[in-house]
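J.:
If you want it as C-alpha cells, here you go:
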C-alpha cells in the first residue's frame, strides 16, 4: 500500500518558480493498479519519480506499507521498488540473463537462486529461457525488450512497481497484446502499481483507479467507471473525451446486462405457436429458434409468422451474430451496428443459449448510475 | 639492394632497437592509461573542471616534442635523469593524456540518459553504475583513444633517440649524422611499419574488448 501525503515539488530556476506537483495526497491500496493520467507537464511523472526519489520532494512524504520513505536510504528504497521506463533501458552490454538478475545480484542473492528466478520470469511472459537467456538486448524486438524490462523490475519480487509510460515506445498492435499480458500477470502477482500514462483508453483498460492531474494538482481520483460517468469538471470531461459513454461500455461484460429468461421455439413448432409464444413473452418483433441442444440457429419474425402457415423450420431467418458471456459491451455494440441488430443472442463456450442482450438493456445499464446520483 | 643487404646483416641490431622502441611506447602509454582513464572518469562529475583539464591537455599536445625534451633536461637532471628513457617516457605520457582523457570523458558522457536513469532507478550506486554500465559501454571509445596515442607516439619516440633514449630513432639520427642513406631509410620504414602493425593489433584488441552486446 502506497500512501502519498502532501507531496510537493517546486523547481526554482533563476527567476521562475514552477510548482510541478502541488500537495498531492492519495492512496494506492495493495494489489491495485493506479494510473496517473493527464496532459504533458501536469505533474504525473514528477509525482511518480518522487516515490522512488529520482526526483527529490520539496515537501510531503511517501509511506510504503507504513514506512516513511524519507527515512530510508535511497539505494535500498529503490532496490525494493520495481521501475520500468518508457525507453526500456536494458543494459546493452549485458545478456538478458544478466539484465534480469541485476537487482537480485545487487541485494546479494546466490547464483543458483537468481538464475532460477530469471528462467521462471521468462516463462511467465512466454519467452523460452533456453533461447533468450543468453541473447543480448539488441537482438530482441521492441516488444520483447519491453517484456524483459517489466520482468527485470519484478526480479527481486518487490511489493511496489512504478511504471512510466512503459508501453509508449511500442507499436499499437503489440501494445494491446503486452497490456493484456501484463494484466494477466498482475492477476497472478497482485503487485501495488503506479502507472503513468497520457492515454485515456490505456488508463480505462489497465486501472483499478485513475488519478487525473492538471498543472500539478490532483483533480479527480476514482475508478474508471466513476470517472467516466461522473467527471468532476469541464477539464476532466474534455480529457476523458466526448465518447465517454462508449468508453464505459468496455468496462461492462455481457453477463451484467444479460436477459436470462428467454422463450424459444424449436424446429417442429408451428408458426402460430411461435406467435403465441412471442405474445406470451412480450417479444415485439422476433423469437429465437434453437435446436435440440438449445443452440440458437436462427430467429422467426412476427411479420413472417403472421403472414404464413407451417413450421418454423421452413420460415426462419439466419442468425446475424452471437455474443459470449465474457464479451464487453463495446464489442457487442460494434456487432449490433455491423449487423443492424437491436438484439443479439448470447451463447456459452459450447454454443448453448444463455440469454440475449438488447440495445435498450445496455442503455438502461449505463443510465442506472446516473440515476443513482440524483 | 644495399638496403636489403644492410637489413640482413644487421638483424640483431634491428631487433634490439625495435624492442627498445616498443618497450618505451608500451610503458609510456600504459602509464598514461593508468592516469588518463581515472581522470577522464573523474571529470565527468564536474563540467568546469572538465573544461580546464581538457584545455590543459590539448595545450600540452601542441608543444613540439623536441622542445618538450629540451625543457625536461634541466628539470630532470636534478634527479640525474635529464636524458635517456625517463624524459622520453614522461613526454609520451603527457602527449597521450589528451586522446585518452578526452575519449574517456566523451564516452561516459555519451551513455544514454535512459540507461543512466534505469541504473539509478533500479538501485545502483554511482560506483556500481560506472563499473557495471558506463565503463563497459565506454571501452570501445577509450580503446580508440589508446590507439591514437600509441600510433602518434611511435613517431614521437623516434625523436627521443636525440636525447639518448634509444629505439629505432637511433638509425634515423645516425643516418643523418653519418650521411648513410641505408640506415636512414631502414629506420624510417621500420618506424612506419611498427605504427601500422601496432594500429592493426590494437584494433583487434579493441574488437575483443568490446562487450558482445555492442558488436553490430
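Residue numbers (the numbering used here), protein chains in the order written: chain A, 20 to 393; chain B, -3 to 212.
Note that beta-carbon positions come from the ideal geometry of N, C-alpha and C, so glycine has one too.
#1: Suppose you measure from the CA of residue 101 of chain A to the CA of residue 144 of chain B; what does that come to, to the nearest Å?
#2: For the stretch 119 to 137 of chain B, list every residue whose C-beta sits within 8 Å of some C-beta in chain A, in sequence order.
#3: Quick one: is residue 378 of chain A near chain B, going by C-beta distance under 7 Å?
#4: How would you list, in chain order, the residues of chain A whose beta-carbon sits under 7 Å from the beta-carbon of residue 143 of chain B?
#5: Can you give me the Cβ contacts of residue 122 of chain A inside the same chain, cut-off strictly under 7 Å, excluding the 5 residues immediately before and after it?
#6: Output, in sequence order along the chain, the residues in the stretch 165 to 179 of chain B whose CB is closer than 8 Å to any CB in chain A.
#7: Please determine, among A:290, A:342, A:127, the residue with the shortest C-alpha to C-alpha distance to residue 308 of chain A.
#8: DSSP state of residue 110 of chain A, grouped into three classes?
#9: By the 7 Å beta-carbon criterion, what residues does the stretch 82 to 113 of chain A contribute toward chain B?
#10: Determine the contact status of residue -1 of chain B and residue 181 of chain B, defining contact as a CB-CB distance below 7 Å.
#11: With a threshold of 7 Å between beta carbons, is residue 133 of chain A in contact with chain B?
#12: Any Cβ of chain A within less than 7 Å of the Cβ of residue 207 of chain B?
#13: Check each residue of the stretch 153 to 174 of chain A: if its Cβ is closer than 7 Å to any Cβ of chain B, include it; give the result in chain order.
#14: Enumerate in chain order the residues of its own chain whose CB-to-CB distance from residue 217 of chain B is below 7 Å, with the five nearest sequence positions on each side excluded.
#15: In its own chain, which residues sit with a C-beta less than 6 Å from the C-beta of residue 43 of chain A, not counting the 5 before and 5 after it?
#16: Using a Cβ-Cβ cutoff of 7 Å, what residues of the stretch 117 to 151 of chain A are near chain B? List them in chain order.
#17: Note down, in chain order, all residues in the stretch 62 to 73 of chain A with a beta-carbon under 8 Å from any beta-carbon belonging to chain B.
#18: Just to confirm my understanding: we take residue 235 of chain A, look at its own chain, exclude 5 residues before and 5 after, and list those with CB closer than 6 Å. What are they?
#19: Checking contacts by CB at 7 Å: is residue 190 of chain B closer than that to chain A?
#20: Would you say residue 26 of chain B lies against chain A (beta-carbon separation less than 7 Å)?
#21: In angstroms, rounded to a whole number, what distance separates the CA positions of residue 50 of chain B and residue 141 of chain B?
#22: Confirm, please, whether the CB-CB distance from residue 108 of chain A to residue 111 of chain B is below 7 Å.
#23: Is the distance from the Cβ of residue 189 of chain A to the Cβ of residue 168 of chain A below 7 Å?
#24: Measure the alpha-carbon distance for residue 304 of chain A versus residue 196 of chain A and round it to whole angstroms.
#25: Leaving out the 5 sequence neighbours to the left and right, which residues in its chain are closer than 7 Å to residue 89 of chain B when beta-carbon positions are compared?
#26: Between residue 391 of chain A and chain B, is there a C-beta pair that is closer than 7 Å?
#27: Output yes if chain A places a C-beta closer than 7 Å to the C-beta of residue 110 of chain B; else output no.
#28: Report the residues of the stretch -3 to 8 of chain B with a CB closer than 8 Å to any CB of chain A, ordered along the chain.
#29: Whose CA, out of B:133, B:114, B:93, B:83, lies closest to the CA of residue 107 of chain B?
#30: Give me the DSSP bridge partner(s) of residue 124 of chain B.
#31: Could you check what DSSP says for residue 363 of chain A in three-state terms: helix, strand or coil?
#32: Buried or exposed for residue 163 of chain B, please, with buried defined as at least 16 other CB atoms from any protein chain shown within 10 angstroms of its CB.
#33: Starting from the C-beta of residue 172 of chain A, find all residues in its chain whose C-beta is less than 7 Å away, skip the five residues before and the five after it, and write them out in chain order.
T.: Result, derived from the coordinates:
#1: Residue mapping note: residue 101 of chain A aligns to position 82 of the first chain, counting from 1. Residue mapping note: residue 144 of chain B aligns to position 148 of the second chain, counting from 1. For residue 101 of chain A and residue 144 of chain B, the distance between alpha carbons rounds to 42 Å.
#2: Going along the stretch 119 to 137 of chain B in chain order, one finds 119, 120, 121, 124, 128, 129, 132, 133 with a Cβ nearer than 8 Å to chain A.
#3: Locating residue 378 of chain A in the first chain gives position 359, where the first residue counts as 1. It does not: the Cβ of residue 378 of chain A has no partner Cβ on chain B nearer than 7 Å.
#4: Sequence index remark: in the second chain, residue 143 of chain B carries index 147 (1-based). Residues of chain A passing the Cβ test: none, with the nearest at roughly 20 Å.
#5: Along the first chain, one-based indexing puts residue 122 of chain A at 103. Same-chain partners within the cutoff: 98, 174, 175.
#6: For the stretch 165 to 179 of chain B, which is checked against every Cβ of chain A, not one residue is closer than 8 Å.
#7: For the purposes of this step, residue 308 of chain A is taken as residue 289 along the first chain, with counting starting at 1. When only C-alpha atoms are compared, the closest one is A:290.
#8: The sequence position of residue 110 of chain A within the first chain is 91, counting from 1. Here residue 110 of chain A sits in coil by DSSP.
#9: Result list: 94, 97, 98, 102, 104, 106, 108, 110, 111, 112, 113.
#10: Along the second chain, one-based indexing puts residue -1 of chain B at 3. Along the second chain, one-based indexing puts residue 181 of chain B at 185. Contact flag set, yes.
#11: The count along the first chain starts at 1 and reaches residue 133 of chain A at position 114. Taking Cβ atoms only, chain B never reaches closer than 7 Å to residue 133 of chain A, which makes this a no.
#12: As a working mapping, residue 207 of chain B is identified with position 211 in the second chain. Residue 207 of chain B counts as touching chain A.
#13: For the stretch 153 to 174 of chain A, which is checked against every Cβ of chain B, the residues closer than 7 Å are 155, 156, 157.
#14: Nothing about residue 217 of chain B can be reported from this structure: the residues present for chain B run from -3 to 212 only.
#15: In the first chain, residue 43 of chain A corresponds to position 24, counting from 1. Listed in chain order, the non-local C-beta contacts of residue 43 of chain A below 6 Å within the same chain comprise 23, 26, 66, 237, local neighbours out to five positions each way being set aside.
#16: Residues 121, 122, 125.
#17: Hits within the stretch, in order: 71, 73.
#18: The residue you call residue 235 of chain A lines up with position 216 of the first chain. Closer than 6 Å at the Cβ level, and outside the excluded window around residue 235 of chain A, lie 38, 39, 40, 41, 62.
#19: The residue labelled residue 190 of chain B in the question sits at position 194 within the second chain. Closer than 7 Å: no.
#20: In the second chain, the residue the question calls residue 26 of chain B occupies position 30. Chain A contact via Cβ: absent.
#21: On the second chain, position 54 is the one that residue 50 of chain B refers to. On the second chain, position 145 is the one that residue 141 of chain B refers to. Rounded to whole angstroms, residue 50 of chain B to residue 141 of chain B spans 14 Å at the Cα level.
#22: For the purposes of this step, residue 111 of chain B is identified with residue 115 of the second chain, where counting begins at 1. For the purposes of this step, residue 108 of chain A is identified with residue 89 of the first chain, where counting begins at 1. A contact, by the Cβ cut-off of 7 Å.
#23: As a first step, residue 189 of chain A must be located in the first chain, where it is residue number 170. As a first step, residue 168 of chain A must be located in the first chain, where it is residue number 149. No, the pair does not count as a contact, with Cβ atoms beyond the cut-off.
#24: Taking the first chain and counting its residues from 1, one reaches residue 304 of chain A at position 285. Taking the first chain and counting its residues from 1, one reaches residue 196 of chain A at position 177. Near 40 Å, if we compare the C-alpha coordinates of residue 196 of chain A and residue 304 of chain A.
#25: As a first step, residue 89 of chain B is located in the second chain; it is residue number 93 there, counting from the start. Same-chain partners within the cutoff: 24, 27, 28.
#26: Counted from its first residue, the first chain places residue 391 of chain A at position 372. In this prediction, residue 391 of chain A scores a pLDDT of 46, lower than 50, which makes its location untrustworthy; the coordinate-derived value is nonetheless stated afterwards. So no, residue 391 of chain A is outside the interface.
#27: Indexing the second chain from 1 puts residue 110 of chain B at position 114. True, the Cβ-Cβ gap to chain A drops below 7 Å.
#28: Hits within the stretch: zero.
#29: The sequence position of residue 107 of chain B within the second chain is 111, counting from 1. Distances from the CA of residue 107 of chain B to each of B:133, B:114, B:93, B:83 were compared; the closest alpha carbon is that of B:133.
#30: By one-based count along the second chain, residue 124 of chain B stands at place 128. Answer is none; residue 124 of chain B lacks a bridge partner.
#31: The count along the first chain starts at 1 and reaches residue 363 of chain A at position 344. Three-state result, residue 363 of chain A: strand.
#32: Taking the first residue of the second chain as position 1, residue 163 of chain B is located at position 167. Around the beta carbon of residue 163 of chain B, 16 or more other beta carbons lie within 10 angstroms, which makes this residue buried.
#33: Here residue 172 of chain A refers to the residue found at position 153 of the first chain. If we look at residue 172 of chain A and ignore the five residues flanking it on each side, its Cβ neighbours are 101, 102, 103, 180.
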